[in-house]
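Quick notes on the structure that follows.
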Amino acid sequence: MAETSSGPEGQRVRDVFSRELVESLIRVAVIMLLVVFSYRIFSPFVGLMLWALILAVALYPLQQKLSSALGGRNATSATLIVVLGLLLIGGPTVNLGSTFASDIYELYGNFESDSVKIPPPNPSVAEWPLIGERVAEIWTQAATDLPALMEQMQPQLGELAVKLLGLAASTMGSVLMFLGALIVAGIMMAYGESGSAAMGRIFSRFAGPLKGPELHGLSTATVRSVATGVIGVAFIQALLLGIGFALAGIPAAGILAVVTLLVGIVQLPAALISFPAIAYVWYAGDSTVMNIVWAVYLFVAGLADNVLKPLLLGRGIAVPMPVVLIGALGGMAGAGMVGLFLGAVLLGVGYQIFMDWVDNDPEQPPPADSAGDEREPAAGG
Numbered sequence: 037m038a039e040t041s042s043g044p045e046g047q048r049v050r051d052v053f054s055r056e057l058v059e060s061l062i063r064v065a066v067i068m069l070l071v072v073f074s075y076r077i078f079s080p081f082v083g084l085m086l087w088a089l090i091l092a093v094a095l096y097p098l099q100q101k102l103s104s105a106l107g108g109r110n111a112t113s114a115t116l117i118v119v120l121g122l123l124l125i126g127g128p129t130v131n132l133g134s135t136f137a138s139d140i141y142e143l144y145g146n147f148e149s150d151s152v153k154i155p156p157p158n159p160s161v162a163e164w165p166l167i168g169e170r171v172a173e174i175w176t177q178a179a180t181d182l183p184a185l186m187e188q189m190q191p192q193l194g195e196l197a198v199k200l201l202g203l204a205a206s207t208m209g210s211v212l213m214f215l216g217a218l219i220v221a222g223i224m225m226a227y228g229e230s231g232s233a234a235m236g237r238i239f240s241r242f243a244g245p246l247k248g249p250e251l252h253g254l255s256t257a258t259v260r261s262v263a264t265g266v267i268g269v270a271f272i273q274a275l276l277l278g279i280g281f282a283l284a285g286i287p288a289a290g291i292l293a294v295v296t297l298l299v300g301i302v303q304l305p306a307a308l309i310s311f312p313a314i315a316y317v318w319y320a321g322d323s324t325v326m327n328i329v330w331a332v333y334l335f336v337a338g339l340a341d342n343v344l345k346p347l348l349l350g351r352g353i354a355v356p357m358p359v360v361l362i363g364a365l366g367g368m369a370g371a372g373m374v375g376l377f378l379g380a381v382l383l384g385v386g387y388q389i390f391m392d393w394v395d396n397d398p399e400q401p402p403p404a405d406s407a408g409d410e411r412e413p414a415a416g417g
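Take a look at the structure:
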């Protein structure tokens, strides 16, 4: 053996092994370079494609029902859903953006010409709880000497303006990416069957032919459940606040309801809309009792998402709701809005794999059947 390993035959084996090792290392290096370059090319579109995939999975059941009603026309049904979504979200968004820009330009011109006239506050403003006197004082100074008040509050106003502009830009960017993802999702839904089959093969390749389809179904159901808990809650909250805006006599109640829907979809608190509406109710209302009623209603409706999300998240899936909720909140804290879905899916899949590992312990005896369980007390007696 020693002579063979040190002789010509052993040298040949070592040469073959070295050559195969070098070739394997070269293949691994080429694959790694391909992965790195592919990721760099694709990275600008990761957020858009993730959103498109989420929307496609969430809207696919609706697209299938519409396709059946149209005689199996997948492309037509997907196009109708995309067009309807663009009209419902894109149209009001563009209108609000243009109106906001024109109002800001007009307000800036009025400040430059010193033609802004602020009416004095209603005496009831001073009766507001906690902040009434301070608000009435600042309001009165703004009505009598606005330039002096602006100069006095210049640092605070500058910081507030920067934050508001950043928030507006971030919200508009999120809405535009959402609209672009909706268009891409329509293309995915048109080829939904082949795409779902491809994802099933990927899951089966990683998790095996038995566990892969189960994890594929769990991931799909989790995305749809979280979509219901996000978009569904945003719609319910917009409807509740829209009704309150209309009945309380707040101007542009319909537009404010659409804004509330958009705010809910991008996971901003609806209190950004409801709290200013409450302030307007106290300013414009004549009856203290009705002011309290509408203020309480708008306050509760503005915080309703904190109750609705735990109720709707996790419905229809095998993973417990707390797992889905923790994954969604943790994902959103770490990766923003798209992390809301990714966190729930990853934690749900991890929980399922972990529990499957726990339940399939080879050293654990199999559970006794029901008949055996019923006979045990008699035997023990």
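Positions in the sequence shown are counted from 1; adding 36 to them yields my numbering.
Ideal Cβ placement from N, Cα and C applies to all residues, glycine included.
Two segments are said to touch when three or more pairs of C-beta atoms, one from each, lie closer than 8 Å; by this definition the region 264-276 does not touch the region 100-110. Residue environment analysis places G127 among the exposed positions, since fewer than 16 neighbouring C-beta atoms fall within 10 angstroms of its C-beta. For A354, no alpha helix (DSSP H) segment is defined, and its DSSP state is neither H nor E. Of the candidates A179, L308, V332 and A307, the residue whose Cα lies closest to the Cα of W318 is V332. For the set Q188, L215 and L61, the Cα lying nearest the Cα of L123 is the one of L215.
Secondary structure at I167: coil, using DSSP grouped into helix, strand and coil. For G231 against V118, the beta-carbon gap comes to about 16 Å, at or over 8 Å, which does not count as contact.
Between G236 and P249 the beta-carbon gap is near 6 Å, inside 8 Å, which marks them as a contact. Contact between the region 368-375 and the region 335-345 is absent: fewer than three C-beta pairs spanning the two stretches fall below 8 Å. Between the alpha carbons of M186 and V385 lies a distance of about 55 Å.
Judged by beta-carbon spacing, I353 lies within the 8 Å limit of A257, meaning their Cβ atoms are closer than that value. Residue state for P157 is assigned as coil, using DSSP reduced to three classes. Rounded to the nearest angstrom, the gap between the Cα atoms of T180 and L212 is 42 Å. Counting the other Cβ atoms within 10 Å of the Cβ of L218 gives 16 or more, which makes it buried.
Every unbroken stretch of the alpha helix (DSSP H) spanning 4 or more residues and falling wholly within the region 317-384 is given here in chain order: 324-338, 341-348 and 357-371. T176 and W164 have their C-alpha atoms roughly 15 Å apart. Distance from the CA of I238 to the CA of P191, rounded to the nearest whole angstrom, comes to 56 Å. Contact between L347 and I362 is ruled out by a C-beta separation of about 15 Å, above the 8 Å threshold.
Per the coordinates, the alpha-carbon of G379 lies some 56 Å from the alpha-carbon of E45.
For I238, the uninterrupted alpha helix (DSSP H) segment begins and ends at G228 to A263. Remark: C-beta atoms of V262 and F377 approach each other more closely than 8 Å. Collapsing the DSSP output to three states places A221 in a helix. Here R63 is exposed. Its C-beta has fewer than 16 other C-beta atoms within 10 Å.
Contact annotation: I301 and V259 have beta-carbon atoms that are not nearer than 8 Å. Remark: C-beta atoms of I314 and F281 do not approach each other more closely than 8 Å.
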